[in-house]
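**Student:**
In my numbering, the protein residues as written are 1244 to 1586.
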């Protein structure tokens, strides 16, 4: 950006809380002529922080934005020459559809891609908005985590495969209790991978530093340089969130979520891989394999999504830097003050 102070806005919260809509509203506001005049910026662009939106073909189940267009661009990692940038309501979105669902996409890969997007946005004198509910993705950027590139260990995995899912979870609780709080305890792939990392590196995923990210004299230095961060967390009452989760689930089923999973299968994504993705993909896969009825699938899925939202909040509530908000008006005030105080 033109100014010495680089800014980043983060919008986070539990699933179904309205993060994507809020991010777009803020981006549109920062793209107004008034914002340009007041703060000297050219608008804002959005980076998804969702561990399933990175995968192609996982659209309805992951809640991807509906693109106005999907533009080919030179934005890339070292692994591919071209990636896609989605545009929704005229706002570019990054880190969507960047990986095949047949292959694992790591936090380290996400961090590299998101940092590249942030730098690209800054070069346009715009403000990047990191938006999503995957805590580790967000922490990898905000706290500049050193993500270990731990290659798969076939012998260790074979040993861990002999343990039951419950035994894997109990082992992770002992070795990395913080990761255990946020992980899907029914997801064997993620449990084994989390154990593989902590066993091979000898240390758990680091906790957030909780260091002040403002004012300017105490800004963290990361791979992105000096940076001032505003984190906004959307909070909803348990009753309201539960209602939103149920309503959204039924809407997604009407939109064709079952057909989406069928298409992933026809494109060669194994049942085991769909199981590993959890939530919508896991339970629809079980339904399609006739392991449960449609009603059982809906009821169990709704329960699991609510438990997932609870895990997300457990992760986020530890970070005292987050400003918790209930409506757009409060978000708008905090964003205005953020730009005013750090212009």
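Heads up, the beta-carbon is just placed ideally off N, CA and C, and yes, glycines get one too. Treat the numbers as computed from the prediction; the structure is a model and nothing was measured.
By DSSP's criteria, residue 1337 is part of a beta bridge. Which residues make up the other side?
**Tutor:** DSSP, once it has assigned bridges, lists 1290 as partnering residue 1337.
**Student:** Would you mind working out which of 1397, 1343, 1251 sits nearest residue 1365, comparing C-alpha positions?
**Tutor:** Closest option to residue 1365, Cα to Cα, is 1251.
**Student:** Where does residue 1349 fall in DSSP's three states?
**Tutor:** The answer is coil: DSSP assigns residue 1349 none of H, G, I, E or B.
**Student:** Are there 16 or more other CB atoms within 10 angstroms of the CB of residue 1269, so buried, or fewer, so exposed?
**Tutor:** So residue 1269 counts as buried.
**Student:** Any idea what DSSP makes of residue 1381, helix, strand or coil?
**Tutor:** In the structure shown, residue 1381 sits in a helix (DSSP, three-state: H, G or I).
**Student:** How many angstroms separate the CA atom of residue 1302 from the CA atom of residue 1503?
**Tutor:** For residue 1302 and residue 1503, the distance between alpha carbons rounds to 8 Å.
**Student:** Give the single residue among 1536, 1559, 1478, 1515 whose Cα lies nearest to the Cα of residue 1573.
**Tutor:** Checking every option, the nearest Cα to that of residue 1573 belongs to 1478.
**Student:** Just curious, the beta strand (DSSP E) that residue 1373 is in, first and last residue?
**Tutor:** Element bounds for residue 1373: 1370-1375.
**Student:** Locate the alpha helix (DSSP H) running through residue 1297, then write down its first and last residues.
**Tutor:** Run containing residue 1297: none; DSSP gives neither H nor E here.
**Student:** Who are residue 1566's beta bridge partners in DSSP?
**Tutor:** Per DSSP, 1475.
**Student:** Which residue comes first and which comes last in the alpha helix (DSSP H) that contains residue 1248?
**Tutor:** Run containing residue 1248: none; DSSP gives neither H nor E here.
**Student:** Report the residue from 1558, 1262, 1276 whose alpha carbon sits nearest the alpha carbon of residue 1420.
**Tutor:** The option with the nearest alpha carbon to residue 1420 is 1558.
**Student:** Put residue 1470 into one of helix, strand or coil per three-state DSSP.
**Tutor:** DSSP places residue 1470 in strand when its eight states are reduced to three.
**Student:** Relative to the C-alpha of residue 1406, which residue among 1435, 1474, 1423 is closest?
**Tutor:** Among 1435, 1474, 1423, the Cα nearest to that of residue 1406 belongs to 1435.
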